[in-house]
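Peer 1: Next up is a structure, given as structure tokens.
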Amino acid sequence: MKLAKILILSPLLLATSISANAGGVKFVGTDNSVATQLCVAVGANHRPTLLEELDKHRISRKVVTDKLACNDMSVPQFAKKFGLDRSARILHIDYTTDTSIRDIAMSEQQKTIVLYGSK
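Structure follows, in structure tokens:
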């Protein structure tokens, strides 16, 4: 029974990697490249989505952290800018040493950010 649920939910998780939300920000990929798919998965801030993309493309966490660029930002900068703490934790990114003020008030407006990965 669990296997059947996993098989049914897997396509849904994949669909969430195409368009993801993080704190009122909607990340939309510009193309279907591996880099863009990984950037959207990081932007999803959702552990299963990110791990599935890493496994699907057989890319290590270190390579994503060190070599991938999302919208001309390194992945650590990208994660910090959008408050992607879960993705940062999965990728072993520590950005807690900086001091910053982050507005946690609920916003009715949702921003749409168009993503592209490094080439």
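Positions -22 to -1, 1 to 97 (mature numbering (1 follows the signal peptide of the UniProt record, and there is no 0)) are the ones given, in order, by the sequence shown.
Think of the CB as a built atom: it goes at the ideal place given N, C-alpha and C, for glycine as much as any other residue.
Computed from a predicted model, the values in this text were never measured in an experiment.
Quick check on this structure: which residue in F60, F56 and G7 has the alpha carbon closest to the alpha carbon of T43?
Peer 2: Out of F60, F56 and G7, F56 has the C-alpha closest to the C-alpha of T43.
Peer 1: Taking N49 as the reference, give the member of I91, K4 and S38 with the closest Cα.
Peer 2: Comparing Cα-Cα distances from N49 to each of I91, K4 and S38, the minimum goes to I91.
Peer 1: Decide if V12 is buried, meaning its Cβ has at least 16 other Cβ atoms within 10 Å, or exposed.
Peer 2: Its Cβ having fewer than 16 others within 10 Å, V12 is exposed.
Peer 1: Among L46, I68, Y73 and L69, which residue has its Cα nearest to the Cα of K59?
Peer 2: K59 has its Cα closest to that of Y73, out of L46, I68, Y73 and L69.
Peer 1: Does DSSP put G2 in a helix, in a strand, or in coil?
Peer 2: In this structure, G2 counts as coil in the three-state DSSP scheme.
Peer 1: Which of the three DSSP states, helix, strand or coil, is assigned to I68?
Peer 2: I68: helix per DSSP, three-state reduction.
Peer 1: Beta strand (DSSP E) containing L62: first to last residue?
Peer 2: Careful: L62 lies outside any beta strand (DSSP E) and carries neither H nor E.
Peer 1: Taking C-beta to C-beta, are L62 and V20 nearer than 8 Å?
Peer 2: Result yes, Cβ atoms of L62 and V20 sit closer than 8 Å.
Peer 1: Going by DSSP, which residues form a beta bridge with residue 98?
Peer 2: The requested residue 98 is not part of the displayed model; the chain covers only -22 to 97.
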